[in-house]
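Visitor: Using the UniProt record's numbering, read the sequence shown as starting at 1 and increasing by one per residue.
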Amino acid sequence: MNSFNSSFNHWRYRNSFISLFIVLLFGFLLLGCTQLLNLGLFPGSGDAQVSLESWSQWQELIVDGKNSPAPSPTRLDCHYFNCFNVYRCGRGLHQQMSVYVYPMTRYVDEDHIAIKPISREFFEIIEAILNSEYYTPNPEEACIFISPIDTLNENNLRKDKIAQALAMLPYWSEGENHLLFNMLPGTPPLFDTALNLDRGKAIIAGGGFSSLTYRRGFDVSLPVYNPSHQDVPEGTKASGLRQWLLVSSQVNIHRDYREDLEAQLLDEDIHQNDMLILDKCYPYTNLTIRCHGSEVYQYPQILDEAKFCLVIRGGRLGQTALYDAMRAGCVPVIVADGYVLPFSEVIDWHEAAIQIYEEDVPTVLQMIKKEVSEQRLSEMQKQVRWLYEKYFGTMKDITLTTLKILNDRIFPAHGKTMSQWNKRPEPTAVNNPLFLPITAPANEGFTAVILTYDRLESLFQVIQTMVQVPSLSKVLVVWNNQKKAPPQASMWPKINVPLKVVQTRENKLSNRFYPYEEIETECILAIDDDINMMTADELEFGYQVWREFPDRIVGFPPRNVLWNNDTQSWKYDSEWTNEVSMVLTGVAFYHKYWSYVYTTQLPGNIKEWVDTNMNCEDIAMNFLVANLTGKAPIKVTPRKKFKCGECTSGDLSANEAHMVERSQCVTHFTNVFGTMPLKTVEFRADPVLYMDNFPEKLKLYDNMGSL
């Protein structure tokens with residue numbers, strides 16, 4: 001990317017000091033319009049206008065090597081708790097940080113030569129902050145301070161003078177709570193990955209961090225903005241209409257990488273439109289064109305024809321190629337070991353990009369063809385477009401995203417979750433109705449809804465286990481056998497909570513999810529009549545986890561879905577793996593609202609499909625909740641075996657034909673929903689002291705069952 005310096009027309013600043021505005025207004029009345037305009041050249045004076053043409057008339061400060069304050073050495077060990085003064089933030093009742101921008105100042109050396117001109121992009125940063133909800137004109141109430149010195153491009157910095165100028169700032173205090181923006185760190189030939197000047201304790205919002213220079217939880221990783229192609233329309237073409245599978249458009253990649261890419265074109269399995277490798281058009285220096293042999297392509301327009309765009313490290317880790325790819329709606333394939341991706345603190349890049357190690361470049365094309373389905377490609381492309389428009393599109397977007405990240409760090413209770421940062425709005429999706437950020441009340445307990453047919457012995461065992469759970473409020477037995485009446489009241493176990501029996505009119509699996517009026521609690525435990533191996537501690541712990549996540553399905557039997565590239569279909573998987581995308585409702589907690597939605601609003605013919613095939617009602621419920629919340633279920637405790645040893649009927653889940661039917665259900669439900677809503681996670685909730693070398697009697701949950 002070229003220097004950020006460029007001409008810039010008038011920009012209007014917000015009112016910075018109310019008292020100063022009153023003085024200026026009074027001066028206008030007394031001295032006339034001309035004097036007001038002359039005063040208006042100083043930023044921060046009411047509605048002052050500032051432009052590049054007028055910057056020489058700003059307040060001028062001389063940075064004298066002898067008389068100026070000594071620079072503040074950089075603290076590489078900084079983190080949130082030792083270099084940031086959180087007590088400056090949230091003063092009064094404000095649950096939001098305040099940001100103060102120093103008045104724009106012209107810093108010059110002893111010869112009155114400016115030590116750093118101001119770039120257009122830096123003006124856009126300042127303007128975005130001044131017009132944001134975080135801005136304050138009062139430095140005494142500020143949490144974050146913004147320097148008036150442009151440090152975006154290290155190539156043009158007079159580092160000794162810049163460091164001294166920073167130390168001259170009135171509230172510098174060794175850089176504490178100061179934020180510096182830097183997109184192009186380092187200078188040839190080493191290209192450091194972080195701003196290399198004496199900056200004390202300052203926070204760096206920078207492009208091109210490596211994992212070695214990024215101070216996690218303190219710095220903010222930025223995208224490398226490219227202002228060169230803002231007049232080119234953004235790419236909106238769907239992935240199915242794009243000509244090339246993979247395009248490499250960078251002209252600065254190492255020749256070894258280029259040779260590795262070209263070698264893949266010789267593979268007999270590679271088709272003509274699988275990969276396009278571009279280079280400079282010699283002897284021309286025009287970077288708006290790229291060449292492949294004698295063929296000339298317009299850049300960045302060629303990216304609109306690519307499904308995947310290769311982003312390989314150059315001299316710097318951070319490359320404008322990533323920004324250009326996202327702007328074109330092209331899924332980035334990032335090859336840069338140790339690169340801290342932009343806004344990685346809040347953005348889940350697994351949903352929008354592919355990262356591979358540099359040593360895997362020789363097989364990148366085969367990897368993409370083998371592991372990325374058309375459906376996943378389509379979802380990733382949508383995510384790329386949304387991330388770009390939301391967080392990356394302009395300098396204003398980048399600046400406000402940076403401020404929001406800092407604000408969420410300082411006030412985490414009011415911050416967005418990772419899923420909220422990454423969930424794009426779906427026009428057909430319903431907002432999560434369980435929106436209140438509170439824990440479900442503990443005293444209400446849960447209702448156990450047991451679906452049964454005629455297995456009385458195991459049913460009674462389940463009921464006897466249930467009554468040992470402290471939070472049990474009621475037991476509701478759904479008798480699904482129309483040919484046989486439920487036992488007489490005298491035959492049922494004598495328990496200390498209400499027990500109700502509801503006899504259904506038809507034998508349908510969906511009966512377990514009907515919103516019965518007997519269910520008075522918010523929480524439902526759906527449990528099968530043969531799940532007699534659970535302990536009271538397991539069930540109580542599961543309920544307590546649900547209270548923390550009342551919009552999720554929280555339960556015990558984990559399952560996963562996998563995409564089969566050979567059959568181009570989804571496969572239901574019950575193997576023990578590290579990933580979970582479903583929790584079966586054979587024993588699971590969920591909010592009773594989902595029973596209402598399942599019964600009345602399940603899309604398409606899914607409910608009829610379930611009742612006809614007598615299968616997959618649990619899969620349908622997982623699809624429903626994931627689609628409406630965008631969240632994965634929560635698997636609790638390590639137990640994986642749920643086989644009833646005393647039950648005489650065959651284990652349906654072990655039947656191979658049954659597994660095939662389950663896979664067919666997943667494929668059918670995906671078609672009805674129009675997407676795969678299930679979210680795959682590698683997460684499980686266990687008690688804090690589980691497996692710790694600690695006396696069992698002192699553990700809150702000491703009987704967590706067997707595997």
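Ideal placement from N, C-alpha and C gives every residue a C-beta, glycine not left out.
Does the structure place the region 213-225 close enough to the region 160-173 that three or more beta carbon pairs sit under 8 angstroms?
Guide: They do not touch, by the three-pair rule.
Visitor: At what residues does the beta strand (DSSP E) containing SER595 begin and finish?
Guide: No beta strand (DSSP E) contains SER595, which is instead part of the alpha helix (DSSP H) from 593-601.
Visitor: Would you check if the region 542-550 and the region 603-614 touch, i.e. whether three or more CB-CB distances between them fall below 8 angstroms?
Guide: No contact exists between the region 603-614 and the region 542-550.
Visitor: Where do the ends of the beta strand (DSSP E) carrying CYS291 lie?
Guide: CYS291 -> beta strand (DSSP E) spans 289-292.
Visitor: Rounded to a whole number of angstroms, what is the C-alpha to C-alpha distance between VAL636 and LEU584?
Guide: For VAL636 and LEU584, the distance between alpha carbons rounds to 12 angstroms.
Visitor: Less than 8 angstroms between C-beta atoms, sequence neighbours within five positions excluded: which residues of the same chain meet that for ARG88?
Guide: Contacts found: ALA142, CYS143 and ASN177.
Visitor: Flag this pair as touching only if the region 288-300 and the region 386-401 have three or more C-beta atom pairs under 8 angstroms; answer yes or no.
Guide: They do not touch, by the three-pair rule.
Visitor: Spatial neighbours of THR504 within its chain, please: CB distance less than 6 angstroms, with the 5 preceding and 5 following residues excluded, ordered by chain position.
Guide: Excluding residues within five positions, the ones whose Cβ falls inside 6 angstroms are ASN480 and ASN511.
Visitor: Beta carbon of ILE126, beta carbon of VAL99: below 8 angstroms?
Guide: Their beta carbons are not under 8 angstroms apart, which means ILE126 does not touch VAL99 by this criterion.
Visitor: Count the other CB atoms, across all protein chains shown, that sit within 10 Å of the CB of TRP244; report buried if there are 16 or more and exposed otherwise.
Guide: Counting Cβ neighbours within 10 Å, TRP244 comes out buried, since at least 16 surround it.
Visitor: Near TRP421, which residues of its chain fall below 7 angstroms by C-beta distance, leaving aside the five closest residues on each side in sequence?
Guide: Closer than 7 angstroms at Cβ, skipping near neighbours: VAL346 and ILE347.
Visitor: Counting pairs of Cβ atoms below 8 angstroms between the region 198-208 and the region 267-279, do you hit three or more?
Guide: At 8 angstroms Cβ cutoff, the stretches do not touch.
Visitor: Which of helix, strand or coil does DSSP assign to ALA205?
Guide: Reduced to three states, the DSSP call for ALA205 is strand.
Visitor: What is the residue span of the alpha helix (DSSP H) that MET621 lies within?
Guide: That run of the alpha helix (DSSP H) goes 617-629.
Visitor: DSSP three-state call for TRP570: helix, strand or coil?
Guide: If DSSP states are grouped into helix, strand and coil, TRP570 belongs with the strands.
Visitor: For PRO558, which of helix, strand or coil comes out of DSSP?
Guide: Looking at PRO558 - three-state DSSP - the assignment turns out to be strand.
Visitor: Cutting at 6 angstroms between CB atoms, please list the residues of its own chain near SER342, excluding the five before and the five after it.
Guide: Per the sequence shown, the amino acid found at residue 342 is Pro instead of Ser. For PRO342, where only same-chain residues beyond five positions count, the Cβ hits under 6 angstroms are SER221, LEU222 and PRO223.
Visitor: How would you write the range of the beta strand (DSSP E) that SER378 sits in, first residue to last?
Guide: Not the beta strand (DSSP E): SER378 falls in the alpha helix (DSSP H), residues 374-387.
Visitor: Taking its Cβ as the centre, do 16 or more other Cβ atoms sit within 10 Å of PRO687, making it buried, or is it exposed?
Guide: So PRO687 counts as buried.
Visitor: What three-state label does DSSP hand TRP58 in the structure shown?
Guide: Three-state result, TRP58: coil.
Visitor: What span of residues does the beta strand (DSSP E) with CYS523 cover, start to end?
Guide: Residues 523-528.
Visitor: Within this structure, are the beta carbons of ILE334 and LEU317 separated by less than 8 angstroms?
Guide: Cβ distance not < 8 angstroms, so ILE334 and LEU317 don't count as in contact.
Visitor: DSSP three-state call for GLN298: helix, strand or coil?
Guide: In this structure, GLN298 counts as strand in the three-state DSSP scheme.
Visitor: Would you call the CB atoms of GLU518 and VAL502 closer than 8 angstroms?
Guide: Contact: yes.
Visitor: Distance, Cα to Cα, LEU152 vs PHE122?
Guide: Between LEU152 and PHE122, the C-alpha separation is close to 7 angstroms.
Visitor: What whole-angstrom Cβ distance do ILE312 and HIS292 have, given they're in contact under 8 angstroms?
Guide: At roughly 17 angstroms, the Cβ-Cβ gap does not stay under 8 angstroms, so ILE312 and HIS292 are not in contact.
Visitor: In this structure, does DSSP put ASN273 in helix, strand or coil?
Guide: Note: ASN273 maps to coil in three-state DSSP.
Visitor: So, does the region 571-579 touch the region 622-637, judging by three or more C-beta pairs under 8 angstroms?
Guide: With the cut-off at 8 angstroms, the region 571-579 and the region 622-637 do not touch.
Visitor: Go ahead and pull the three-state DSSP assignment for GLN230.
Guide: GLN230 falls in the coil class under three-state DSSP.
Visitor: So the candidates are PRO425, VAL331, GLU140 and ASN407; which of them puts its Cα closest to the Cα of residue 767?
Guide: No answer is possible for residue 767: it lies beyond the span of the chain, which begins at 1 and ends at 707.
Visitor: Using the C-alpha atoms, what's the distance from ALA128 back to LEU562?
Guide: Each residue's Cα considered, the two are about 44 angstroms apart.
Visitor: What did DSSP end up calling MET97 once you bin it into helix, strand or coil?
Guide: Three-state result, MET97: coil.
Visitor: Contact between the region 448-459 and the region 476-491: three or more CB pairs below 8 angstroms?
Guide: Segments in contact, yes.
Visitor: Ordered along the chain, which non-local residues of its own chain (more than five positions away) have a Cβ less than 7 angstroms from that of ASP198?
Guide: Contacts found: PRO71, SER72, PRO73, THR74 and ALA163.
Visitor: Is ASP279 helix, strand or coil by DSSP?
Guide: Strand at ASP279.
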